[in-house]
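For the sequence shown, the numbering used here assigns the number 1203 to the initial residue and increments by one for each residue that follows.
Every residue, glycine too, gets a C-beta built ideally from N, C-alpha and C.
Here's the structure we're looking at; comments come further down.
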Amino acid sequence: MFLSNSTSRTVPFFLHLRSPLRRLASTKSLKETIEEVIPVKQAHLKKLKTEYSDVSIGDVKVGSVIGGMRGLRAMLWDSSVLDPEEGIRFHGLSIPDVQRALPAAPGGKEIIAESMLWLLLTGQVPSAEQTRELSRELAQKGNLPTSVASLIDSLPKTLHPMTQLGIGVAALNHDSSFQAAPCNYSKMLGYGDNHDLTEYLRLYISIHGDHEGGNASAHTAHLVGSTLSDPYLSYAAALFALAGPLHGLANQEVLRWQLSMLREVGEEVSHDTIREYLWKTLKSGQVVPGYGHGVLRNPDPRFIALQEFCESKPELLNSPIIQLVKKTYEVAPDVLKEHGKTKNPYPNVDAASGCVLYHYGLTEFKYYTVIFGVSRALGCVTQLVWARALGLPLERPKSYSLEAIEQLAKSGSP
Ligand SMILES: CC(C)(COP(=O)(O)OP(=O)(O)OC[C@H]1O[C@@H](n2cnc3c(N)ncnc32)[C@H](O)[C@@H]1OP(=O)(O)O)[C@@H](O)C(=O)NCCC(=O)NCCS
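See the structure below:
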């Protein structure tokens, strides 16, 4: 539409793009035209939001169409369901349930990711022997093709690890059958001797593996998979969604934020100094990282599980960064309630996850989302299997222009 206004009509828009020097002084470029159109569209969107959010057009309200489909019941996702009050359930089992029921790794207490994968895929709790057998099978199939290793080695070292992971996973679709192998993971990271970190990774990867279907990474894997694109490409696409700061990048942001709080308040870590720092963050227009959630309206049970893990280890209890996470949790909900914007003033899983890794010496912040990405393979792969098994169709929602939405809302809609 903006390409067909009176100034651009006589000259095809691609000529403006290819040869800006040749365009007439009186013609507007694509960029200039867009700059005029954007504020008009923004005002229109604002009007729709204010006047028509609660009006239904068909089975859906205008507020859902223009509000990122928030809360819209429009996806089939069988392996987990997220309740705003009590958090995630995997085939009906809460986080404390799975911690009790699923087999742990030999020599450990925490759930091993393979047992979670079994539960997600089958809806059944595996035996310890079934879990061990699955671990063996995944490890056997886990060799990285040399071409993929060379590809990753050829990337700039400064390229964000999430981008490297996505590129590596996408390249795997060349010649291998899919495997989700978060087993033996801490050994691969060079921390194999640290039993507590291994246990932490087991717990973190298992309980973080799936969070129903509507979150950005899971939904991306599902959407791409619905084109019959293969699991490598679908999961790689999910990783790029996870790389955003409102989604998976939050765990590294939390750590940065907590460390800068520690630097600023120094020895004086108290509820009052933390409260002051929280207000400073909010007044500067930033969000408090690790707090809030698109669905949850209570403290995230995954955060609680990680806190309980910390409380079971004296070493973690004495860690300054873990103590800071705990103290921040004691203050932040009240500050966020007083601030009055967020619908959920409580911590999500990321409020703790990166800080524990930091304590154990994994200080490459940028790597934290990679661990989240590895865990998300569990849920994404499960859904891809079930989408094929159930023959779920290509996802193709209907979209409308601003004008069309307004017309539908005014007419009471069909
Ligand atoms: C997770 C998150 C993206 C959910 O977004 P959402 O569903 O739009 O959240 P809400 O509906 O509660 O947002 C309503 C308002 O509260 C604000 N808000 C939400 N969380 C906030 C936080 N942690 N700190 C300050 N303000 C927050 C939003 O920015 C929004 O403000 P606006 O009306 O000016 O746009 C959001 O809570 C957030 O940015 N949290 C911090 C980042 C984070 O921890 N991400 C990891 C998620 S697992």
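Run the CB neighbour count on residue i, radius 10 Å, all protein chains shown included, and call it buried at 16 or more, exposed below.
i, result
"I1236", "exposed"
"R1598", "exposed"
"N1453", "buried"
"S1337", "buried"
"M1617", "Residue 1617 lies beyond the residue range present for the chain, which begins at 1203 and ends at 1616; the question has no answer from this structure."
"V1632", "Any question about residue 1632 goes unanswered here, given that the chain covers just 1203 to 1616."
"I1259", "buried"
"D1398", "buried"
"S1352", "exposed"
"H1473", "exposed"
"V1242", "exposed"
"H1376", "exposed"
"G1427", "buried"
"D1412", "buried"
"S1555", "buried"
"A1591", "exposed"
"Q1460", "buried"
State the DSSP-derived secondary structure class of residue i, mapped to helix, strand or coil.
i, result
"S1306", "It is Ala, not Ser, that sits at residue 1306 in the sequence shown. DSSP places A1306 in strand when its eight states are reduced to three."
"Y1493", "strand"
"S1613", "coil"
"S1281", "coil"
"P1549", "strand"
"I1268", "helix"
"K1243", "helix"
"L1262", "Sequence check: residue 1262 is Val here, not Leu. Note: V1262 maps to strand in three-state DSSP."
"L1295", "strand"
"I1476", "helix"
"I1290", "strand"
"I1313", "strand"
"H1413", "coil"
"H1425", "In the sequence as displayed, the identity of residue 1425 is Leu instead of His. Helix, per DSSP."
"T1360", "coil"
"T1471", "Inspection of the sequence shows that residue 1471 is occupied by Val rather than by Thr. Residue state, collapsed to three classes: coil."
"L1451", "coil"
"D1432", "coil"
"D1395", "coil"
"F1380", "Note that F1380 has pLDDT 43, beneath the 50 cutoff, so the model's placement of it is unreliable and no number is given."
"Y1570", "helix"
"P1328", "coil"
"E1466", "helix"
"T1483", "helix"
"T1229", "coil"
On the premise that residue j lies in contact with residue i, defined as a C-beta separation below 8 Å, what is that separation, rounded to the nearest angstrom?
i, j, result
"F1511", "L1405", "6 Å"
"S1419", "R1302", "Rounded, the Cβ-Cβ distance is 28 Å, inconsistent with contact."
"L1580", "M1318", "6 Å"
"I1313", "S1408", "4 Å"
"V1551", "L1508", "7 Å"
"V1257", "K1263", "7 Å"
"L1480", "A1553", "That belief does not hold up - the Cβ atoms of L1480 and A1553 are roughly 13 Å apart, past 8 Å."
CA-CA distance, residue i and residue j?
i, j, result
"V1572", "L1274", "29 Å"
"I1354", "T1348", "10 Å"
"H1541", "Q1244", "26 Å"
"T1475", "K1528", "14 Å"
"G1415", "L1448", "17 Å"
"V1456", "S1462", "10 Å"
"L1323", "R1504", "20 Å"
"I1506", "K1230", "56 Å"
"L1361", "I1369", "11 Å"
"S1514", "G1265", "44 Å"
"E1608", "P1595", "30 Å"
"E1341", "K1485", "One detail in the question is off: residue 1341 reads as Ala in this sequence, not Glu. The straight-line gap from Cα to Cα measures roughly 49 Å."
"Q1585", "E1238", "43 Å"
"L1357", "S1601", "38 Å"
"L1526", "A1306", "29 Å"
"V1300", "I1240", "49 Å"
"A1315", "S1329", "13 Å"
"L1374", "A1438", "10 Å"
"A1606", "A1276", "21 Å"
"H1693", "N1386", "Residue 1693 lies beyond the stretch modelled for the chain, which goes from 1203 to 1616, so this question has no answer here."
"E1470", "T1365", "38 Å"
"A1382", "L1604", "Reliability fails at A1382, whose pLDDT of 42 lies under 50, so the model's placement of it is uncertain and no value is given."
"E1331", "L1304", "12 Å"
"L1346", "G1392", "17 Å"
"T1565", "S1521", "14 Å"
"R1477", "N1500", "20 Å"
"E1401", "D1395", "11 Å"
Under the criterion of a Cβ to heavy atom distance below 7 Å, does residue i qualify as lining ligand 2?
i, result
"N1375", "Absence of ligand 2 from the depicted structure is noted, with ligand 1 being the only ligands included."
Taking three-plus beta-carbon pairs below 8 Å as touching, is the stretch 1546-1564 in contact with the stretch 1485-1500?
Flag = yes, the stretch 1546-1564 and the stretch 1485-1500 touch.
Evaluate the contact criterion for the stretch 1462-1470 versus the stretch 1435-1448: three or more CB pairs, one atom per stretch, below 8 Å.
Not touching, per the Cβ criterion.
Taking 8 Å as the cut-off, does the stretch 1424-1432 touch the stretch 1284-1302 (at least 3 CB pairs, one atom from each stretch)?
The answer is no - the stretch 1424-1432 does not touch the stretch 1284-1302, with fewer than three Cβ pairs under 8 Å.
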